[in-house]
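In our numbering, the protein residues as written are 1 to 278.
Beta carbons: idealized from backbone N, C-alpha and C, even for Gly.
Report on the structure given below.
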């Protein structure tokens, strides 16, 4: 049997998705209901800036029309400021109990900045994080090339709760080149787009102003097919919700992946955003 690929977006509240994913007139409090009809996973990024409480996560679950898996980004104190403690980790996990109890927490997601090099101190810090979150899968994105080496891949392969986060960025912007690696039976992939003016963007919306071509998506589908024996489950997130790029890209990628034989959540029979396609 071919692997299961969960597909969604980074965040769900981008107003640029109005008229495509969300029909015109959809209230923001109904976004998650509509979202869950189309997609089966969601990357929560707002927790990077401010933690959410258990009540907020319980409220999300109550709004779902269909089952949804969540990847939740760790607060910046764990990744950028690196001042978090074991107690902070416990508090973060306590807030996630509604998702955990409902079997809706796919994994935790940790994004280190490009300045986070593979030093002895940072390796020890990473070991602490792994210990603090030992009972939950932890997907990690490294933006410094010193981590993208065989010894690190080997460490991930031997660590049951660590997942290597694969990332597709624009080329030649000083970030590690895209390569797909699945160290466990669960894999993770983030697609930021390939905007050549990435560093000129004044906002995240401008940096993610890129729509993958059909050819690029077909090549991605073929790449995943070539690695299909390396994973059972893949969580795949489009970060380019700007101008609804992600909405169109997801529909096309789903078609390519389904044609190849992957298990994919089908589109609803009546697309909520169809009214705006023409």
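With a cut-off of 8 Å, do at least 3 Cβ pairs link the region 226 to 240 to the region 5 to 14?
Three or more beta-carbon pairs separated by less than 8 Å link the region 226 to 240 to the region 5 to 14, which places the two stretches in contact.
Rounded to whole angstroms, what's the CA-CA distance from residue 60 to residue 104? Just pull it up for me.
For residue 60 and residue 104, the distance between alpha carbons rounds to 11 Å.
Residue span of the beta strand (DSSP E) that contains residue 188, given as start and end:
Here the beta strand (DSSP E) through residue 188 covers 186 to 191.
Sorted by chain position, which residues of the same chain lie with C-beta nearer than 7 Å to residue 277's C-beta, five sequence neighbours on each side aside?
Any reading at residue 277 needs caution, since the residue's pLDDT is 34, under 50, leaving its predicted position unreliable; the model's value is listed next. The answer is none, since no qualifying residue turns up.
Which whole runs of the alpha helix (DSSP H) in the region 95 to 121 are 4 residues long or more, in chain order?
Within the region 95 to 121, the complete alpha helix (DSSP H) runs of at least 4 residues are 97 to 101.
As a quick exercise: from 187, 204, 257 and 195, pick the residue whose alpha carbon is nearest that of residue 220.
Residue 257 is the option with its Cα nearest to residue 220.
Using beta-carbon positions only, say whether residue 208 and residue 172 come within less than 9 Å of one another.
Pairing residue 208 with residue 172 gives a Cβ-Cβ distance that is not under 9 Å.
Contacting residues, own chain, Cβ-Cβ under 7 Å from residue 227 (five flanking each side not counted)
Taking residue 227 as the centre and dropping the five residues before and after it, the same chain places the C-beta of 180 and 182 closer than 7 Å to its C-beta, in chain order.
Reference residue 109; option with closest CA among 91, 75, 88 and 55:
Relative to residue 109, the option among 91, 75, 88 and 55 whose CA is nearest is 75.
DSSP three-state label for residue 22, please.
Note: residue 22 maps to strand in three-state DSSP.
How would you label residue 69, buried or exposed, when you count the other beta carbons within 10 angstroms and need 16 or more for buried?
Label assigned to residue 69: buried.
Is residue 101 buried or exposed, if buried means 16 or more other CB atoms sit within 10 Å of its CB?
Exposed is the call here.
Which runs of the alpha helix (DSSP H) fall wholly inside the region 1 to 71 and span at least 4 residues, in chain order?
Those alpha helix (DSSP H) runs which fall completely within the region 1 to 71 and span 4+ residues are 31 to 38 and 54 to 63.
Terminal residues of the beta strand (DSSP E) in which residue 264 lies:
Neither: residue 264 is in no beta strand (DSSP E) and is coded neither H nor E.
Between which two residues does the alpha helix (DSSP H) harbouring residue 139 extend?
Note, residue 139: premise wrong, no alpha helix (DSSP H); beta strand (DSSP E) at 138 to 141.
Does the beta-carbon of residue 261 have 16 or more other beta-carbons within 10 angstroms, so that it is buried, or is it exposed?
Classification of residue 261: exposed, given that the 10 Å Cβ count is below 16.
According to the neighbour-count rule (16 or more other Cβ atoms, all chains shown, within 10 Å of its Cβ), is residue 24 buried or exposed?
Exposed is the call here.
Residue 149 - DSSP class collapsed to helix/strand/coil:
Three-state result, residue 149: coil.
Following the continuous beta strand (DSSP E) through residue 78, name the residue where it begins and the one where it ends.
In the DSSP annotation of this structure, residue 78 is not part of any beta strand (DSSP E); the continuous alpha helix (DSSP H) holding it starts and ends at 76 to 79.
Per-residue burial, residue 83 [other beta carbons within 10 Å of its own, 16 or more giving buried]:
With a 10 Å radius around the Cβ and a threshold of 16 neighbouring Cβ atoms, residue 83 comes out exposed.
Classify residue 195 as helix, strand or coil using the three-state DSSP reduction.
Looking at residue 195 - three-state DSSP - the assignment turns out to be coil, as it is neither helix nor strand.
Take the Cβ of residue 45 as the centre, count every other Cβ of all protein chains shown within 10 Å, and call the residue buried at 16 or more, exposed below.
By the Cβ neighbour-count rule, residue 45 is buried, with 16 or more other Cβ atoms within 10 Å of its own.
Would you check if the distance between the CB atom of residue 112 and the CB atom of residue 141 is smaller than 9 Å?
Yes, Cβ-Cβ distance for residue 112 and residue 141 is below 9 Å.
Tell me which residue opens and which closes the beta strand (DSSP E) that residue 236 is part of.
Residues 233 to 238.
Can you tell me the Cα-Cα spacing of residue 224 and residue 214, whole angstroms?
When rounded, the separation of the alpha-carbon atoms in residue 224 and residue 214 is 15 Å.
Name the residue from 265, 117 and 18 whose alpha carbon lies nearest to the alpha carbon of residue 30.
For the residues 265, 117 and 18, the minimum Cα distance to residue 30 belongs to 18.
For residue 255 and residue 138, the rounded distance between their alpha carbons:
One Cα belongs to residue 138, the other to residue 255, and the distance between them is close to 29 Å.
Cβ-Cβ distance between residue 71 and residue 117 below 9 Å:
Contact check for residue 71 against residue 117 fails: the beta carbons are separated by 9 Å or more.
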